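Just add 103 to wherever you are in the sequence shown, counting from 1, and you've got the numbering used here. Note that CB positions come from ideal geometry on N, CA and C, so glycine has one too. Source: prediction; values computed, not measured.
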Amino acid sequence: MSNVSAANDAPGRGFVAWTGYLSLVQALLIIVPTVILGSAIDWPVSLGDPAAVMLPRIVEQQSSVRIGYLAYLIYSILFVVLITLLSGLLLGSSHRVLAQIILAMATASTLARSIGIIRWLIPIPELATIWSTAGDGQQRHTIGIAYDMLNAYGGTIGEVLGVSIFAACAIALLAIGAWLCASAPRWFSLGGLVAAGALLMTSSEVVGIDPGSIVPILGTSVVQCWFLATGIWLVWRGRTMQQA
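Shown next, in the form of structure tokens:
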């Protein structure tokens with residue numbers, strides 16, 4: 104059986120279990136923004152909607168949008184915390200360079216996600232307010248152009264770089280490192296590679312392929328299932344260590 108202590112100097116059972124609990128939180132926390140933003144603005148399908156459709160929704164659902172994206176921001180920050188803990192737990196001191204690379208990728212992912220999320224907390228709500236008070240079509244057309252540019256810029260950084268590429272690299276490297284160290288069950292590494300591949304598929308627009316609306320949802324679902332399974336395993340492992 105794989106042992107999480109193989110790559111570390113006998114990590115405490117509390118550390119193992121609490122890392123597992125955090126993984127469970129990471130897996131389930133995505134439900135909060137999905138439910139709140141989904142009911143308010145049809146998120147994430149509506150991310151590509153034009154200004155004439157999206158801005159009125161934001162005016163009507165401003166409180167829900169703010170709460171939903173704040174929850175999504177917390178979820179994104181927890182990503183780098185969890186990946187750091189998993190890296191320390193599974194790689195230990197023998198693969199410090201790889202652990203540092205993983206940390207860099209996870210940090211870049213969280214930073215990029217945060218930049219993408221902030222656009223929905225400050226500038227876009229302000230554009231929506233201006234839109235609602237605009238007196239003529241020309242002014243709204245100008246606001247629409249500003250919205251499209253801001254959304255494209257923030258979306259590229261947040262969704263393509265943060266949610267997809269950097270996160271996929273961090274997860275893939277962690278999965279490979281755990282495989283090399285034999286510090287986790289094989290399903291952890293294989294599942295991590297599948298999750299990383301699913302995330303990379305969501306960034307296919309970089310090479311001119313439209314991922315559609317289903318691929319991003321599928322990619323996120325695969326990753327959350329991997330975090331959920333990882334959390335269950337680590338909590339169980341921590342309790343087993345306690346009994347031993």
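Scan the stretch 203 to 282 and note each continuous beta strand (DSSP E) run of 3 residues or more that stays entirely inside, going in chain order.
none
Backbone CA spacing between Glu308 and Gln203 [nearest angstrom]
Your numbering for residue 308 matches position 205 in the sequence shown. Your numbering for residue 203 matches position 100 in the sequence shown. Rounded to the nearest angstrom, the two C-alpha atoms are 29 Å apart.
In three-state terms, what does DSSP make of Ala110?
Within the sequence shown, the letter at position 7 stands for residue 110. Confidence at Ala110 is low in this model, with a pLDDT of 44, below 50, so the placement of that residue should be treated as unreliable; the coordinate-derived value is given next. Note: Ala110 maps to coil in three-state DSSP.
Give the range of the alpha helix (DSSP H) segment to which Phe146 is assigned.
Here residue 146 refers to the residue found at position 43 when the sequence shown is read from its first residue. One point to set straight first is that residue 146 is Trp, not Phe, in the sequence displayed. No alpha helix (DSSP H) contains Trp146, which DSSP labels as neither H nor E.
Given 8 Å as the limit, is there contact between the stretch 220 to 237 and the stretch 170 to 182, that is, 3 or more CB pairs closer than that?
yes
To which residues of the same chain is Ile260 closer than 6 Å at the C-beta, ignoring the five residues directly before and after it?
Stepping through the sequence shown from its first residue, residue 260 is reached at position 157. Ala215, Ile218 and Gly219, listed in sequence order.
Endpoints, alpha helix (DSSP H) assigned at Pro159:
Along the sequence shown, read from residue 1 onward, the residue named residue 159 stands at position 56. Looking at the DSSP string, the run of the alpha helix (DSSP H) that includes Pro159 is Ala154 to Glu163.
Quick one: grab the DSSP three-state call for Pro314.
Here residue 314 refers to the residue found at position 211 of the sequence shown. In this structure, Pro314 counts as coil in the three-state DSSP scheme.
Please work out which residues of its chain come closer than 7 Å, Cβ to Cβ, to Pro314, disregarding the five sequence neighbours upstream and downstream, and give them in chain order.
Sequence index remark: in the sequence shown, residue 314 carries index 211 (1-based). Only Met304, Thr305, Ser307 and Glu308 meet the Cβ criterion.
Distance cut-off 6 Å: Ala273 Cβ against heavy atoms of the ligand NAD:
As presented, the structure is devoid of all ligands, the ligand NAD included, so that no description of it is given.
Could you check how far apart the C-beta atoms of Ser212 and Gly265 are, in whole angstroms? I think they sit under 8 Å.
For this step, residue 212 is matched to residue 109 along the sequence shown. For this step, residue 265 is matched to residue 162 along the sequence shown. Right, the Cβ-Cβ distance comes to about 5 Å (below 8 Å), so this counts as a contact.
Going by other Cβ atoms of all chains shown within 10 Å of its Cβ, with 16 needed for buried, is Glu262 buried or exposed?
Working through the sequence shown from its first residue, we reach residue 262 at position 159. With 16 or more Cβ atoms within 10 Å of its Cβ, Glu262 is classed as buried.
Distance, Cα to Cα, Val323 vs Leu302?
On the sequence shown, residue 323 is found 220 positions in, with the first residue counted as 1. On the sequence shown, residue 302 is found 199 positions in, with the first residue counted as 1. It should be pointed out that residue 323 corresponds to Thr in this sequence rather than to Val. If you take the alpha carbons of Thr323 and Leu302, they lie about 7 Å apart.
Nearest neighbour of Val135, chosen from Leu276, Cys284, Leu176 and Ser267 [CA to CA]
The count along the sequence shown starts at 1 and reaches residue 135 at position 32. The option with the nearest alpha carbon to Val135 is Leu176.
Take the Cβ of Gly238 as the centre, count every other Cβ of all protein chains shown within 10 Å, and call the residue buried at 16 or more, exposed below.
Residue mapping note: residue 238 aligns to position 135 of the sequence shown, counting from 1. Exposed is the call here.
Could you tell me the alpha carbon to alpha carbon distance between Gly300 and Ser149, rounded to whole angstroms?
Numbered from its first residue, the sequence shown carries residue 300 at position 197. Numbered from its first residue, the sequence shown carries residue 149 at position 46. So the two alpha carbons sit approximately 24 Å from each other.
Mapping DSSP to helix, strand and coil, what is Ile133?
The residue you call residue 133 lines up with position 30 of the sequence shown. Ile133 falls in the coil class under three-state DSSP.
Status (buried if at least 16 other CB within 10 Å, exposed otherwise) for Leu293
By 1-based counting over the sequence shown, the position of residue 293 is 190. Under this definition Leu293 is an exposed residue.
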